[in-house]
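Under our numbering, the first residue of the sequence shown carries the number 1436, and numbering increases by one thereafter. Heads up, the beta-carbon is just placed ideally off N, CA and C, and yes, glycines get one too.
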Amino acid sequence: MPLGYDPDFLGVAVELPETGVRPDDLATLDYTHFTVVLDRERRLARLTAVNIDGALLRDVSRGDDWFLDDRVAAIEQAGPDVYSSNDFDRGHLVRRRDPVWGPDAERANRDTFSYANAAPQVNTFNQSKDLWLGLEDYLLGTAAASEGRLTVMTAPVFDEADREYRGVRIPQLFWKIAVWLADGELASTAYLLDQSDLIDDVIRRGADAGAEPGAFRTFQVAVAQIAELTGFEFSALESVDRLARRGIADSSGELPAPLELASFDDILLR
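Structure below.
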């Protein structure tokens, strides 16, 4: 079975966006049911994309065998040294469970433990982060229930203000765009996770156990806002954005206002 993200998975093409970065500065890594576009300078993924077949999802043993992908140099990946003796987790970008479906489920599970598919996330958990981690399950169980398939793109937001730590600049924000078919037409929603209030504390405390209490914040945002933050071109997904169709402008009068999420019930899907 061919590796990598399938843009035709939903029956309507959803192509990977152009990154605006020189191809030589990137490494496109295909895994089982997903693709990671690694930024060699930032040592983290600039883009990930996964196909999820909700009808064929399987429960397999998690494992925890993280590995450096030998298709790129180790120095171009944020490896184990970034995560040792601190309060940063190796946060899966493509969520471990998402590509674990069909006859290749066990291989897909192993593939998600590539360091190319990880980014430093503060290990404090609260309701907002749990909500972020459960978004795909919620969408499969609601918006995509009739089709059973979902395409998800996820990555950090790269910002010049990101603080450097052990040779890696730690992202403050993470974004996610989910795409599915509704009555034969594409639909999309976009989300941001904000860990900016937590990063300084983890860096300051170093190897001291236990991060200070803090808060993740999870927002539903316009797909157009993700395009602004990342430089990616998402015009096809902007036109089917469920938040944008509500027409509730932000203070600039241009983009739909971000919607802070306290529960799944707050998400706008219609």
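Residue i by DSSP, collapsed to three states: which one?
{"i": "I1612", "result": "strand"}
{"i": "V1715", "result": "The requested residue 1715 does not occur in the structure, where the chain is confined to residues 1436 to 1705."}
{"i": "A1490", "result": "helix"}
{"i": "R1525", "result": "strand"}
{"i": "Q1556", "result": "strand"}
{"i": "D1474", "result": "strand"}
{"i": "D1572", "result": "helix"}
{"i": "A1692", "result": "coil"}
{"i": "L1566", "result": "helix"}
{"i": "E1599", "result": "strand"}
Please state whether the Cβ-Cβ distance between residue i and residue j is less than 8 Å.
{"i": "Q1556", "j": "G1526", "result": "yes"}
{"i": "L1528", "j": "N1544", "result": "no"}
{"i": "D1629", "j": "L1608", "result": "yes"}
{"i": "W1567", "j": "T1653", "result": "yes"}
{"i": "D1516", "j": "N1558", "result": "no"}
Taking the beta carbon of residue i as the centre, do at least 16 other beta carbons fall within 10 Å, making it buried, or is it exposed?
{"i": "L1696", "result": "buried"}
{"i": "P1538", "result": "exposed"}
{"i": "L1570", "result": "buried"}
{"i": "R1604", "result": "buried"}
{"i": "L1714", "result": "Examination of residue 1714 is not possible in this model, given that the chain is present from 1436 through 1705 alone."}
Are the C-beta of residue i and some C-beta of chain E separated by less than 8 Å?
{"i": "S1698", "result": "Chain labels in this structure do not include chain E; a single protein chain is all it has."}
Take residue i and list the residues in its own chain whose beta-carbon comes closer than 7 Å to its own, dropping the five residues that flank it on each side.
{"i": "T1547", "result": "H1527, V1529, R1531, P1534"}
{"i": "D1594", "result": "Q1607"}
Can you list, in chain order, the residues of its chain whose CB lies under 8 Å from that of residue i, leaving out five sequence neighbours each side?
{"i": "V1507", "result": "A1462, L1464, L1473, R1475, A1551"}
{"i": "L1703", "result": "T1624, Q1655, R1677, L1678, R1681, L1694"}
With a CB to CB cut of under 6 Å and the five nearest residues on each side skipped, what residues in its chain are close to residue i?
{"i": "L1627", "result": "L1608, W1610, F1654, V1656"}
### Query
How about the segment 1465 to 1472 and the segment 1438 to 1448: do they share at least three Cβ pairs that are nearer than 8 Å?
By the C-beta criterion, the segment 1465 to 1472 is judged to be in contact with the segment 1438 to 1448, since at least 3 inter-stretch pairs fall below 8 Å.
### Message
Measuring CB atoms only, is the segment 1468 to 1486 touching the segment 1582 to 1595, in the sense that at least three cross pairs come out at less than 8 Å?
### Response
With contact defined as three or more Cβ pairs closer than 8 Å, the segment 1468 to 1486 and the segment 1582 to 1595 are in contact.
### Task
Please determine if the segment 1442 to 1452 and the segment 1615 to 1623 are in contact, where contact requires at least 3 C-beta pairs separated by less than 8 Å.
Contact holds: three or more Cβ-Cβ distances are below 8 Å.
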